[in-house]
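Novice: Counting in the working numbering, the sequence shown runs from 187 upward without gaps. The beta-carbon is built from N, C-alpha and C at its ideal position, and this holds for glycine as well. Note that the structure is predicted; figures quoted are calculated from it, not measured.
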Amino acid sequence: MRGWDYRSALSQLEESQWLPLEVVKKQRLKLLKKLITHCYANVPYYRTQWENISFSPEDIQNEEDIFCLPIISKDTLREHYNSFLSEITPDYEIWKTSGSTGKPFPFCLDKNTIIYNTFGNLARGKRWWGGEEGNPEGMIWSGVSDVSGTLTGHLEAIKRRLSWELKNIKLIDVYSLDLLSIQKGYEAFQKHQPLLLRSISSGLYRFCAGLEQLGLDGKKMGVKGAIFTGEGFPESQRKFVERVLGCPTICEYGCTELGVIGFECRHKSIHLSHENYILEFLKDGRPAQAGETAELVVTNLRNYASPLIRYAVGDFVVPSARVCECGRTLPIIEHVQGRLHDSVITPDGRTIHGLFFTHLFDKYDQVHQFRVVQEDIVHLTIELVSFEHINGFVLNDLKNAVEKQFGPQVVVNISQVSSIPTSARGKTPWIISKIS
Ligand SMILES: [Zn+2]
């Protein structure tokens with residue numbers, strides 16, 4: 187970070203996590219009014235859109251007053267990206283989105299959103315687990331080595347390595363998780379004794395699977411909490427990682443455009459950082475009840491470089507009315523249920539969310555990882571990864587369960603494979619649809 191200090195943001199966040207909702211709402215309303223005024227004056231997309239619907243910044247008296255504004259999808263953002271850029275630009279950096287819902291695209295984040303929402307929220311979450319700045323930490327991440335082959339890519343990789351080294355973070359490249367790199371990484375982590383290990387979900391799983399294969403004792407690395415992020419993490423993989431490392435796994439939920447939205451506390455609640463976002467949970471366009479699966483729509487109150495107002499992140503979550511034993515007033519979601527696009531179409535035209543497969547395979551402990559490829563409307567290819575041989579009876583049972591759900595016309599090809607390929611951004615997509 188260009189000398190941007192997030193510590194004052196962190197101390198504000200440390201305080202606000204205990205504040206009553208009414209107090210936080212008041213602070214949010216101030217931020218919202220300022221943001222809406224900025225967007226109306228300086229951001230072409232909003233100015234045009236709001237003029238068309240005769241909306242003006244004075245219309246904002248409560249935060250609910252933005253609920254009449256149109257929702258922005260990822261596709262809209264990608265398509266009209268230039269008109270989301272502010273005409274007056276504060277200090278900003280350009281970050282690449284993860285591309286988990288299509289091609290990665292560069293996104294402008296200004297200083298405040300980076301220090302509050304990206305670094306501040308992350309640092310606060312880590313502190314819930316005893317992780318202080320400068321503590322030894324491990325990471326399994328992308329962007330450590332240059333995969334683009336360009337000079338800029340090369341320099342960026344060097345810069346990242348240096349910056350992480352300064353922060354006492356030891357890194358393993360998620361792109362090269364072969365057994366040799368895993369062995370080397372294990373030795374480095376054993377020396378480093380990282381208090382927390384943070385990783386892209388599938389990278390964490392693959393690293394632990396490698397340790398198991400090599401017969402190495404994961405507990406010797408001294409990890410006290412393993413943070414997974416960037417992708418869903420099936421329960422079976424979570425349990426497996428916890429067994430190998432001998433420590434809890436911790437959900438960090440967020441995305442490049444918005445920062446770290448949620449973080450799991452020691453009482454297993456995923457707390458939302460509601461101080462700098464307005465968070466909406468929608469089901470079929472109406473506000474969802476606690477316990478219902480809902481689409482998450484977010485207004486980021488801090489980013490002035492390319493502001494997002496009512497942005498549909500593309501994720502399903504389950505909001506909760508629970509009050510957490512940890513005493514924080516931050517709202518809770520029960521699950522992040524994966525992305526909207528993670529679904530498959532049946533031959534008779536129904537949409538089945540990928541969670542169907544997660545739940546199905548969770549019943550079989552030996553299945554650690556899977557991928558479903560929709561080849562066309564009729565053909566599904568399902569690949570399963572396991573350390574043990576999955577026998578024909580189990581494969582047949584699984585095949586039957588899928589056929590029952592998808593109807594008589596579906597043709598299911600199910601098999602055990604040794605591994606599942608990783609995308610250019612270091613992730614492992616679990617649902618792939620070849621239907622355009
Ligand atoms: Zn809690």
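Assign ILE274 to buried or exposed, taking buried as 16 or more other Cβ atoms, counted over all protein chains shown, within 10 Å of its Cβ.
Specialist: Under this definition ILE274 is an exposed residue.
Novice: Between LEU397 and the rest of its own chain, which residues show a CB-CB distance below 7 angstroms, the 5 nearest in sequence each way excluded?
Specialist: Excluding residues within five positions, the ones whose Cβ falls inside 7 angstroms are ILE368, TYR372, GLY404 and VAL430.
Novice: Would you report the Cα separation of GLU428 and ARG313, rounded to the nearest angstrom?
Specialist: Each residue's alpha carbon lies about 20 angstroms from the other.
Novice: If you draw a straight line from the alpha carbon of TRP204 to that of VAL360, how long is it in whole angstroms?
Specialist: Between TRP204 and VAL360, the C-alpha separation is close to 36 angstroms.
Novice: Go to TRP281, then tell me how far its beta strand (DSSP E) extends in each direction, as first and last residue.
Specialist: Unbroken beta strand (DSSP E) run through TRP281: 278 to 282.
Novice: Please list the terminal residues of the continuous beta strand (DSSP E) segment that includes TRP327.
Specialist: Residues 323 to 327.
Novice: Would you mind sorting ARG488 into buried or exposed? The rule is 16 or more other CB atoms within 10 Å of its CB.
Specialist: ARG488 should be labelled buried.
Novice: Pull the bridge partners of TYR463 from the DSSP assignment, please.
Specialist: Answer by DSSP bridge pairing, in chain order: ASN486.
Novice: For ligand 2, enumerate in chain order all residues having a CB closer than 6 angstroms to any of its heavy atoms.
Specialist: Here the bound small molecules are ligand 1; ligand 2 is not part of this structure.
Novice: Find the nearest neighbour of ALA195 within the set ASN268, LYS212, GLU279 and ILE300, judged by alpha-carbon distance.
Specialist: Minimum Cα distance to ALA195 is reached at ILE300.
Novice: Report yes if the CB atom of ARG472 is closer than 8 angstroms to the CB atom of VAL483, and no otherwise.
Specialist: No, these two residues do not count as a Cβ contact at 8 angstroms.
Novice: Please name the residue, chosen from GLN595, VAL564, ALA412 and ILE568, that lies closest to SER605 on a Cα-to-Cα basis.
Specialist: Looking at the Cα atoms, ILE568 is the closest of the given residues.
Novice: For the stretch 536 to 609, list the beta strand (DSSP E) runs that are entirely contained and at least 3 residues long, ordered along the chain.
Specialist: Counting whole runs of 3 or more residues, the stretch 536 to 609 contains the beta strand (DSSP E) stretches 537 to 539, 555 to 560, 565 to 571 and 597 to 602.
Novice: Three Cβ pairs or more, each shorter than 8 angstroms: is that satisfied between the stretch 537 to 547 and the stretch 573 to 580?
Specialist: No, because fewer than three Cβ pairs between the stretch 537 to 547 and the stretch 573 to 580 fall closer than 8 angstroms, the two stretches do not touch.
Novice: Assign CYS433 to one of two classes, buried (16 or more other C-beta atoms within 10 Å of its C-beta) or exposed (fewer than that).
Specialist: With 16 or more other Cβ atoms within 10 Å, it is buried.
Novice: Buried or exposed: GLN595, going by 16 or more other Cβ atoms within 10 Å of its Cβ?
Specialist: GLN595 should be labelled exposed.
Novice: For LEU570, which of ILE358, TRP616 and TYR490 has the nearest alpha-carbon?
Specialist: The residue with the shortest Cα to Cα distance from LEU570 is TRP616.
Novice: I'd like to confirm the pairing. Which residues does DSSP put opposite PRO640 in its beta bridges?
Specialist: With the chain covering only 187 through 622, there is no way to say anything about residue 640.
Novice: Could you give the distance in angstroms between the alpha-carbon of GLU237 and the alpha-carbon of ALA227?
Specialist: Looking at the two C-alpha atoms, the distance is approximately 11 angstroms.
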